[in-house]
Amino acid sequence: MPFLDITVIPVPTAKKDAYLKHSTVMSPLFREQGALSVTETWGEDVPDGKVTDFKRAVALQDGETVAVGWITWPDKATRDAGWEKLMQDERMMGGDEPPFDGKRMIFAGFDVIAEN
43 MPFLDITVIP
53 VPTAKKDAYL
63 KHSTVMSPLF
73 REQGALSVTE
83 TWGEDVPDGK
93 VTDFKRAVAL
103 QDGETVAVGW
113 ITWPDKATRD
123 AGWEKLMQDE
133 RMMGGDEPPF
143 DGKRMIFAGF
153 DVIAEN
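Sequential numbering from 43 applies to the sequence shown in my numbering.
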């Protein structure tokens, strides 16, 4: 089954185009290491929850939008090997600063357990 890396990121709404450009530059690096796809989404209907929600999870501030992305890998072994190489790839570390606050980004890896 596939393995997913999922991120939830607070992005300044005015930097939506910069965020998309950043993804366009970074996505091929993941595919070079075996990722099947890289998906980015932009929060359009992100409701307030009663206990918790996406906004509170990333300490969303005025003028920001929640973006959710995921990288689909064929399996966890490919993902682990890919990330090991990516962390040594100068293209990942160089260049412009990301157009978001990485300290408030949430990220995790998930096994796909069902596809219905």
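Every residue, glycine too, gets a C-beta built ideally from N, C-alpha and C.
Since the structure is predicted, the reported quantities are computational estimates derived from the model, not experimental observations.
Check Glu82 in the structure and name its three-state DSSP category.
On the sequence shown, position 40 is the one that residue 82 refers to. Glu82: strand per DSSP, three-state reduction.
Cβ-based neighbour list, Arg98, same chain, cut-off 8 Å, excluding 5 preceding and 5 following:
On the sequence shown, position 56 is the one that residue 98 refers to. Taken in chain order, the residues that qualify are Gly91.
Decide if Val93 is buried, meaning its Cβ has at least 16 other Cβ atoms within 10 Å, or exposed.
Numbered from 1 along the sequence shown, position 51 holds the residue referred to as residue 93. The residue is exposed, with fewer than 16 neighbouring Cβ atoms inside 10 Å.
Tell me which same chain residues have a C-beta within less than 7 Å of the C-beta of Val108, skipping the five on either side of it?
Residue 108 sits at position 66 when you count from the first residue of the sequence shown. Correct list, in chain order: Val50, Pro52, Gly85, Val88, Phe96, Lys97, Val100 and Leu102.
So, with DSSP's three-state summary, where would you put Leu102?
On the sequence shown, residue 102 is found 60 positions in, with the first residue counted as 1. Three-state result, Leu102: coil.
Can you grab the Cα-Cα spacing for the pair Met68 / Met134, in whole Å?
The residue you call residue 68 lines up with position 26 of the sequence shown. The residue you call residue 134 lines up with position 92 of the sequence shown. Each residue's Cα considered, the two are about 7 Å apart.
So Ile113 and Asp47 are in contact, right, with Cβ under 8 Å, and what is the actual spacing, rounded?
Within the sequence shown, numbered from 1, the residue matching residue 113 stands at position 71. Within the sequence shown, numbered from 1, the residue matching residue 47 stands at position 5. Indeed, because the Cβ distance is near 4 Å, the residues count as touching under 8 Å.
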